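Read through the structure below, which is laid out as structure tokens, and then see the notes.
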Amino acid sequence: MISRKSWWILICINLVMIVLMALSGSPLKNKATPDGIINLELAEDSAAVQNTLNVWSNDISQEKDLLNVARENTYLDFLFLACYTALFYFACKHLGNSFIKGSLAEKACNVMAVIAILTGLLDLVENGGMLLYLKSEVNRDVVRITHAASLAKWLLVALM
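The sequence shown lines up with residues 1401 to 1560 when you count with our numbering.
Below you can see the structure in the form of structure tokens.
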């Protein structure tokens, strides 16, 4: 299905993306938002979203505009989610192919492959919501959808 060389390339790309995401998001971590962008991802209501945005927009200790940093980190996450979704999908399919056709183990791997895709789709929804937040479009419905997508994504990540 996928060559050994392609596996290594996919793994290396994901490792590079993890480092890039950590580096690009590090300015967002401070006393009020210790988890950085995750504070925005998991904000439960409009007040929590606005509080996070206010902290970042009023932080003068950084040389960079933290709202732009959050925006750039979110755009970078679109690339990362494509990379990790592909890695987990192909890993699950590859593992599933090593089991007897129709076995419970093969079926479980196929379910996990679908979960990998669902995780990526939920991350798309989450990122879209956060970009709306960063455009000052914070409303109850967007927050509910973004928060639900984020919670579901992290639950699925924990399952994997």
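All residues carry an ideal CB built from backbone N, CA and C; glycine is no exception. Note that the structure is a prediction, hence the values are computed from the model and not measured.
Legend entry - Cα-Cα separation, G1502 to A1508: G1502 and A1508 have their alpha carbons spaced roughly 10 angstroms apart.
Legend entry - DSSP state of V1538 mapped onto helix, strand, coil: The answer is coil: DSSP assigns V1538 none of H, G, I, E or B.
Inset, instruction - Starting from M1421, follow the alpha helix (DSSP H) in both directions and report where the run begins and ends. - result: Where M1421 is concerned, the enclosing alpha helix (DSSP H) starts and stops at 1404-1425.
Inset, instruction - Go through its chain and collect everything with a Cβ distance to Q1450's Cβ below 8 angstroms, but skip five positions before and after it. - result: Taken in chain order, the residues that qualify are V1538.
Legend entry - Nearest-angstrom Cα separation, counted from S1406 out to I1500: When only Cα atoms are considered, I1500 and S1406 end up about 24 angstroms apart.
Inset, instruction - Would you tell me roughly how many angstroms separate the C-alpha atoms of S1424 and R1544, rounded to the nearest one? - result: Near 26 angstroms, if we compare the C-alpha coordinates of R1544 and S1424.
Legend entry - Spatial distance of L1410 from T1474 (CA atoms): Taking the straight line joining both Cα atoms gives about 21 angstroms.
Legend entry - Distance between M1401 and S1446 (C-alpha atoms, nearest Å): Approximately 45 angstroms, taken between the alpha carbons.
Legend entry - For M1530 and T1519, believed in contact at Cβ under 8 angstroms, the rounded distance: Rounded, the Cβ-Cβ distance is 16 angstroms, inconsistent with contact.
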